[in-house]
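Participant: Okay, so the sequence shown: first residue is 642 according to my numbering, each after it adds one. Using N, Cα and C, we set each Cβ at its ideal position, and we do this for glycine too. Mind having a look at this structure? Questions to follow.
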Amino acid sequence: MSTYLMKTLIHRNLLKKSNGKLVAPGEFWDIVAITAADEKQELAYNQQLSEKLKRKELPLGVQYHVFVDPAGAKIGNGGSTLCALQCLEKLYGDKWNSFTILLIHSDEWKKKVSESYVITIERLEDDLKIKEKEPTELRNIFG
642 MSTYLMKTLI HRNLLKKSNG KLVAPGEFWD IVAITAADEK QELAYNQQLS EKLKRKELPL
702 GVQYHVFVDP AGAKIGNGGS TLCALQCLEK LYGDKWNSFT ILLIHSDEWK KKVSESYVIT
762 IERLEDDLKI KEKEPTELRN IFG
């Protein structure tokens, strides 16, 4: 999927019909999860999400989470994905794998170049498939 198409889909979901409105199941992602490189970045993202929700700049009725990567050696997007999935499983039990989840990565390297990667997790038949999309900028999603 091209970056342009990805941005178009995200903007359509976020800006056109959902901001500040309660979304029905299937209209938007059930969960939006953002990974953070450290606690400082986690705090900043949580503050930004809180402010945007207060100003009704994000869809309502969606669960927003920020998950910090474990301290120590950098684990990359693959490790961040696994950690985020473990956190979701702890929060939601087996129920989490029936949700449509938008997972946005933001690690130390990407913080410097202002990029984040988006992964959508979809339930397809009996398998949980993870599709890594082309890079998109976080500010284009929550800007």
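Could you check whether the stretch 717-724 touches the stretch 683-701, counting it as contact only if at least three pairs of C-beta atoms, one from each stretch, sit closer than 8 Å?
Facilitator: Contact between the stretch 717-724 and the stretch 683-701 is absent, because fewer than three Cβ pairs lie under 8 Å.
Participant: Taking only the alpha-carbon atoms, compute the straight-line gap between residue 733 and residue 690 and give it to the nearest angstrom.
Facilitator: What you label residue 733 is simply residue 92 of the sequence shown in a count that begins at 1. What you label residue 690 is simply residue 49 of the sequence shown in a count that begins at 1. About 20 Å.
Participant: Name the residue from 692, 669, 681, 686 whose alpha carbon lies nearest to the alpha carbon of residue 675.
Facilitator: To locate residue 675, count along the sequence shown from 1; it is residue 34. It is 686 whose Cα lies nearest to the Cα of residue 675.
Participant: By a C-beta neighbour count over all protein chains shown, 10 Å radius and 16 as the cutoff for buried, is residue 735 buried or exposed?
Facilitator: In the sequence shown, counting from the first residue as 1, residue 735 sits at position 94. Exposed: under 16 other Cβ atoms inside 10 Å.
Participant: My output table needs one value for residue 663: the three-state DSSP class, helix, strand or coil.
Facilitator: Within the sequence shown, numbered from 1, the residue matching residue 663 stands at position 22. Here residue 663 sits in strand by DSSP.
Participant: Checking 8 Å against the spacing of the C-beta atoms, do residue 663 and residue 719 come in under that value?
Facilitator: Position 22 of the sequence shown holds residue 663. Position 78 of the sequence shown holds residue 719. No, Cβ-Cβ distance for residue 663 and residue 719 is not below 8 Å.
Participant: Please report how far the alpha carbon of residue 743 lies from the alpha carbon of residue 712, in whole angstroms.
Facilitator: Taking the first residue of the sequence shown as position 1, residue 743 is located at position 102. Taking the first residue of the sequence shown as position 1, residue 712 is located at position 71. So the two alpha carbons sit approximately 23 Å from each other.
Participant: Given that a residue counts as buried once 16 or more other Cβ atoms are within 10 Å of its Cβ, and exposed if not, what is residue 682?
Facilitator: Along the sequence shown, one-based indexing puts residue 682 at 41. Residue 682 should be labelled buried.
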